[in-house]
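Structure first, then comments.
Number of protein chains: 2
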Amino acid sequence: MATSFAEENYLKIIYRLSESTLEDISTNAVAELTQTKAASVTDMLRKLAEKGWVNYQKYQGVRLTEEGEKIALSIVRKHRLWEVFLVEKMGFNWDEVHEIAEQLEHIESEALINKLDEFLDFPKTDPHGDPIPNKEGILPELGYMHLSDLKENKACVLMGVAKDSAVFLQLLTRLHLSLGAKLIVKEINPFDRSISVSINESGPVFISHEVAKNILIKMA
Amino acid sequence: MATSFAEENYLKIIYRLSESTLEDISTNAVAELTQTKAASVTDMLRKLAEKGWVNYQKYQGVRLTEEGEKIALSIVRKHRLWEVFLVEKMGFNWDEVHEIAEQLEHIESEALINKLDEFLDFPKTDPHGDPIPNKEGILPELGYMHLSDLKENKACVLMGVAKDSAVFLQLLTRLHLSLGAKLIVKEINPFDRSISVSINESGPVFISHEVAKNILIKMA
DNA sequence: AATATTTTTTAGTCAAGACTAAAAATTTAT
DNA sequence: ATAAATTTTTAGTCTTGACTAAAAAATATT
């Protein structure tokens, strides 16, 4: 069955919200990310349920069905592959690619996206460290932790971010926090849980708990 | 002013039709290419005129204004650059790229299209030999002729096609008529104006007048 | 020049996807 | 446990861009 631009957006956003929780997704949460009003979301959820892409009982929130998740994963795959293309081949910065990829993700051509995948050498992650589903919709298992969960004096490598708003990414860039950086948590401030981190063996930088929560790492 | 997907399509199609005639473009001609009905076209032409992108008097047909042509040229530029990308970088054949480029041409990012242009080495023509407008909307002057206008025993080089339907392109491929081929018109059949042509010094191939009309050449 | 044909426009609908305001259900607080 | 606050849904509209059927204008034919 064909999917409209709007339907694809809703499925993608429900998928994104499901990534970070096991609970059903609320109407308001969807409204916020789609930049629409709750009433519009209710309408759309009924339509998506009708088509068998979500399970939705009114007032109970929403979850993707298996079929809905398959569609969402194909959108996510396209979005993330295009982001790799924009950074690696077009020379954009990691904070510039989201909006463009939001458009490119709706281009309909299985053939194109598979050729693009090959052209990019089958990347496992996008420029923010998010995993890219393969042709079959399988996500690579990355097993990243949040920097905010790391103990003092442990070394790790920055592998990704859990949020890709431009302002957040620009902040990281200003702090010299980029993918692949070697980090050691020097000190955790008990007052506000802010931390000081050394980056690639150089002088420590101070990071709020909020920022640390959104940095994904693997142990060195 | 922002342009919708539908508006961009109409402007592009009016531009295409204007390329091959000096007369005003009829409602029906537009309807055929947009795959809509004449009544829908009338509606849209009123809206486009409202926005200052076309000159339209009812029953008199339509022409692009300067501003409308500027928008159309930017869509055409995107369409043709994406086609080059699809053939050169993604490995598609010249008869496979039109539909995908119809989608890609609506991606909104001046920065992206200029980077793409650079990435492709500022091509002058698309995979069908159609000229690509530059950043300023200027079309390179190619000065091609139609193969159907060539005299007998004159040599020329195949530079483009005036029609990019998949069936036509597949026919040319089967006849070994591809961009850059050296052609000599051996014989013009006065009965139906079909011609026999030698291709790259090898045995002649027979071509209808209809086909010859849609092949663009430059003198050798 | 009058009639027939074709093209274009008008008038009235429809579906998708958004909105606001008000009602209903759920959750939180007292 | 009830009241207050919040969330979600319903009901009714709006805009965009399509449609059909009928009317009007332009073009072609005799």
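Sequence order for the protein chains is A and Z.
Reminder that position 181 of the first sequence reads as 181 in this note's numbering, one-by-one numbering, no gaps.
Reminder that position 101 of the second sequence reads as 1101 in this note's numbering, one-by-one numbering, no gaps.
Ideal Cβ positions, reconstructed from N, Cα and C, are used throughout, including at glycine.
CB-CB length for residue i against residue j, believed under 8 Å
i	j	result
proline 127 (chain A)	leucine 73 (chain A)	Actually they are not in contact, since the Cβ atoms of proline 127 (chain A) and leucine 73 (chain A) sit about 19 Å apart, beyond 8 Å.
lysine 1078 (chain Z)	glutamate 1105 (chain Z)	4 Å
asparagine 1214 (chain Z)	phenylalanine 1168 (chain Z)	7 Å
arginine 46 (chain A)	tyrosine 59 (chain A)	About 13 Å separates the two Cβ atoms, so there is no contact after all.
Own chain partners of residue i with C-beta closer than 6 Å, once the 5 adjacent residues on each side are dropped
i	result
methionine 145 (chain A)	Ile217
serine 196 (chain A)	Lys186, Glu187, Pro204 and Phe206
alanine 1212 (chain Z)	Leu1147, Ser1148 and Ile1195
valine 41 (chain A)	Thr27, Val30 and Ala31
methionine 1044 (chain Z)	Tyr1010
Cutoff 9 Å: residue i Cβ touching any chain A Cβ
i	result
isoleucine 1107 (chain Z)	yes
leucine 1081 (chain Z)	no
alanine 1006 (chain Z)	no
isoleucine 1100 (chain Z)	yes
leucine 1086 (chain Z)	yes
lysine 1078 (chain Z)	no
Residue i - DSSP class collapsed to helix/strand/coil
i	result
isoleucine 1217 (chain Z)	strand
phenylalanine 1206 (chain Z)	strand
isoleucine 25 (chain A)	strand
leucine 73 (chain A)	helix
leucine 1120 (chain Z)	coil
asparagine 1200 (chain Z)	coil
tyrosine 1056 (chain Z)	strand
valine 62 (chain A)	strand
phenylalanine 1085 (chain Z)	helix
valine 1097 (chain Z)	coil
serine 947 (chain Z)	In the structure displayed, chain Z extends from 1001 to 1220; residue 947 (chain Z) sits before or after that span and is not available.
isoleucine 1113 (chain Z)	helix
glutamine 35 (chain A)	coil
histidine 106 (chain A)	coil
Nonlocal neighbours in the same chain, by C-beta distance under 7 Å from residue i, ignoring five residues either side
i	result
phenylalanine 1085 (chain Z)	Leu1116 and Leu1120
aspartate 1130 (chain Z)	Arg1080 and Gly1160
Residue-level contact to chain Z via CB, residue i, 9 Å cutoff
i	result
lysine 124 (chain A)	no
glutamine 170 (chain A)	no
glutamine 35 (chain A)	no
lysine 89 (chain A)	yes
alanine 166 (chain A)	no
lysine 12 (chain A)	no
alanine 111 (chain A)	yes
lysine 135 (chain A)	no
Contact set for residue i: own chain, Cβ-Cβ below 8 Å, skip 5 residues either direction
i	result
tryptophan 1053 (chain Z)	Glu1007, Leu1011, Leu1064, Thr1065, Glu1067, Gly1068 and Ile1071
isoleucine 224 (chain A)	Nothing about residue 224 (chain A) can be read from this structure; chain A reaches only from 1 to 220.
isoleucine 100 (chain A)	Trp82, Leu86 and Phe92
Segments assigned beta strand (DSSP E), at least 3 residues, entirely inside the segment 1123 to 1198 of chain Z = Whole beta strand (DSSP E) segments, 3+ residues: 1155 to 1161 and 1182 to 1188.
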